[in-house]
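Heads up: the sequence shown runs through residues 1 to 393, numbered per UniProt numbering.
Report on the following structure.
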Amino acid sequence: MPFETLPSDFYGFESRLTPTEQDALLRLRAWLDETVRPVANGLWERGEMFGPEVHRGLAELGIYGLAWDETRRFENSAVFRGWVALELARVDASVATLVGVQNGLAMGAIAQCGSAEQRAEWLPRLASAELLGAFGLTEPLSGSDSAQGLRTVARRDGDNWVLNGAKRWIGNGSIGDITVIWAKDADDGQVKGFIVPQDSPGYSATAIAGKGSLRIIQNADITLTDVVVPESNRLQNANSFRDTAAVLRLTRAEVAWAAVGNSVQAYEAAVAYAKDRVQFGKPIASHQLIQELLAKSLGNITSSIALVTRVSEMLDEGVQRDEHSALAKEFATSRMRETVAWCREALGGNGIVFDYGAMRAFADAEALYSYEGTREMNTLIVGRAITGSAAFV
Numbered sequence: 001m002p003f004e005t006l007p008s009d010f011y012g013f014e015s016r017l018t019p020t021e022q023d024a025l026l027r028l029r030a031w032l033d034e035t036v037r038p039v040a041n042g043l044w045e046r047g048e049m050f051g052p053e054v055h056r057g058l059a060e061l062g063i064y065g066l067a068w069d070e071t072r073r074f075e076n077s078a079v080f081r082g083w084v085a086l087e088l089a090r091v092d093a094s095v096a097t098l099v100g101v102q103n104g105l106a107m108g109a110i111a112q113c114g115s116a117e118q119r120a121e122w123l124p125r126l127a128s129a130e131l132l133g134a135f136g137l138t139e140p141l142s143g144s145d146s147a148q149g150l151r152t153v154a155r156r157d158g159d160n161w162v163l164n165g166a167k168r169w170i171g172n173g174s175i176g177d178i179t180v181i182w183a184k185d186a187d188d189g190q191v192k193g194f195i196v197p198q199d200s201p202g203y204s205a206t207a208i209a210g211k212g213s214l215r216i217i218q219n220a221d222i223t224l225t226d227v228v229v230p231e232s233n234r235l236q237n238a239n240s241f242r243d244t245a246a247v248l249r250l251t252r253a254e255v256a257w258a259a260v261g262n263s264v265q266a267y268e269a270a271v272a273y274a275k276d277r278v279q280f281g282k283p284i285a286s287h288q289l290i291q292e293l294l295a296k297s298l299g300n301i302t303s304s305i306a307l308v309t310r311v312s313e314m315l316d317e318g319v320q321r322d323e324h325s326a327l328a329k330e331f332a333t334s335r336m337r338e339t340v341a342w343c344r345e346a347l348g349g350n351g352i353v354f355d356y357g358a359m360r361a362f363a364d365a366e367a368l369y370s371y372e373g374t375r376e377m378n379t380l381i382v383g384r385a386i387t388g389s390a391a392f393v
């Protein structure tokens with residue numbers, strides 16, 4: 001199948017991927033169009049999760065574990081992995097989040113902070129979809145201040161650790177198999193990571209109801225009451241919040257890519273609608289104000305693709321820092337918010353129903369805008385790099 005860049009990739013950045021990466025992207029695109037796109041609107045409206053066939057299909061395509069030596073099926077770049085996130089969100093932001101939690105957060109925490117033995121034990125099982133993972137950092141009273149405000153506590157008890165605390169907004173936290181729980185060591189006050197089976201005694205999770213964004217993926221409130229975790233399940237290379245932040249640096253850039261994909265979803269819906277919708281005797285695509293909305297949207301998408309491409313190249317080059325991924329996430333999600341609003345506007349009254357594709361992207365934008373670091377926190381990370389002064393408090 002010949003590779004064609006997306007029309008929304010106005011400057012053809014996709015053409016710079018290797019032939020192997022392009023082939024993998026085409027297979028993913030075809031699978032998403034066949035499996036996810038036909039059901040996404042209905043699942044979102046009903047607030048229902050994807051079936052296990054989606055989880056298995058992603059594993060069969062090799063989407064899980066792309067970044068790690070133990071699980072990658074072919075050599076690939078961070079830029080390619082970004083395009084994967086874009087393609088996923090271009091069809092549905094919830095499936096992009098599902099992959100982000102499994103691939104970037106759960107597997108990323110083990111790959112970045114686990115021992116060689118832990119990597120060998122857990123990464124292949126997650127990559128094959130034998131296990132569904134979650135990442136437990138955010139708490140009911142601690143979100144942006146996780147570095148200092150974490151309240152979940154881990155106490156050493158011989159060859160075990162005992163965890164007590166609570167987590168909130170944990171994707172897959174009540175429907176998965178394991179959750180990487182971040183907790184403060186009661187002895188040294190440092191943040192450490194633990195691989196916790198969700199069927200552990202004392203681990204209780206309930207789904208968060210009433211969401212108006214990312215309704216296809218489940219988020220959970222988790223309570224940890226004297227949960228016993230063996231030392232062998234403590235991530236051996238997670239010794240402070242600095243190690244936690246290293247995981248978030250990787251995933252933050254991919255959330256920026258997903259934000260671009262969500263923009264593309266709304267943009268493609270608006271272009272298709274504008275060509276089909278006739279008013280005053282001609283398609284609204286020929287109206288100047290509609291063309292202005294589409295041109296502004298494409299400008300946002302194009303500038304965001306350029307930014308996220310470069311930040312992923314910097315990751316491949318080993319020079320990406322926190323402020324680089326923070327700027328990418330802040331910029332791409334802010335431009336996304338503008339873009340989905342303009343594209344929804346282009347559909348007029350039909351922009352608020354699911355039939356035409358823009359409304360789901362409009363609603364899901366709010367979650368992408370908020371998680372993996374709010375706009376405000378990412379702005380302050382960049383501001384610290386610019387000025388040398390921290391302004392977090």
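Backbone N, C-alpha and C fix where the C-beta goes; we use that ideal spot for every residue, glycine too.
Please classify residue i: does DSSP put it in a helix, a strand, or coil?
i	result
Q291	helix
A166	strand
A207	strand
N378	helix
W161	strand
Q279	strand
W182	strand
L307	helix
R72	coil
S325	helix
G373	coil
F194	strand
T333	helix
A220	strand
S286	helix
P124	helix
Compare the Cα-Cα distances from residue i to each of the options and report the closest residue.
i	options	result
G357	A259, F13, N41 and P197	N41
N239	A183, A207 and P230	A183
Y203	K167, N233, G171 and S15	K167
E323	G351, S304, T387 and S286	T387
G193	D187, D243, A209 and I217	D243
residue 430	N160, V191 and L32	The displayed coordinates of the chain run from 1 to 393. Any statement about residue 430 would go beyond what the structure contains.
L141	D221, E338 and T179	D221
T18	R81, G351, Q198 and R384	R81
G171	E87, R151 and A209	A209
R119	A67, E53, L294 and G176	A67
R156	L98, G351, V228 and A116	V228
A129	Q198, G57 and T206	G57
Which same chain residues end up closer than 6 Å to residue i when comparing Cβ atoms and leaving out the 5 residues on each side of it in sequence?
i	result
A259	A332, T333, M336 and L368
residue 449	This structure leaves residue 449 out entirely; the chain is present only between 1 and 393.
V91	L32, V36 and R37
A89	A96, A258, G261 and N262
R215	W44 and G47
C113	G193, L235, N237, A238 and D243
R249	D322 and S325
residue 398	As shown, the chain starts at 1 and ends at 393. That puts residue 398 outside it, with no answer to give.
Taking all protein chains shown into account, decide if residue i is buried (16 or more other Cβ within 10 angstroms of its Cβ) or exposed.
i	result
V308	buried
Q102	buried
residue 479	Examination of residue 479 is not possible in this model, given that the chain is present from 1 through 393 alone.
K329	buried
Q218	buried
S174	buried
Q22	buried
residue 396	There is simply no residue 396 to check, as the chain begins at 1 and stops at 393 in what is shown.
Looking only at its own chain, which residues have a Cβ that is under 7 Å from the Cβ of residue i, when we skip the five neighbours before and after it?
i	result
P213	Here residue 213 is Ser; the residue named in the question, Pro, does not match the sequence. Closer than 7 Å at the Cβ level, and outside the excluded window around S213, lie A363, D364, E366 and A367.
E338	N300
residue 402	Residue 402 is absent from the model: the chain starts at 1 and stops at 393.
Go through its chain and collect everything with a Cβ distance to residue i's Cβ below 8 Å, but skip five positions before and after it.
i	result
E292	none
V353	M359
residue 394	Absent from the model: residue 394. The displayed extent of the chain is 1 to 393, so no value can be given.
G158	none
Report task. Note down, one range per segment and in chain order, each alpha helix (DSSP H) of at least 4 residues found wholly within the stretch 41–105. Result -> You should have 52–60, 78–91 and 93–99.
Requested in this report: Quick one: which unbroken alpha helix (DSSP H) runs of 4-plus residues sit fully inside the stretch 5–38? Chain order, please.
Outcome: 19–35, all fully within the stretch 5–38.
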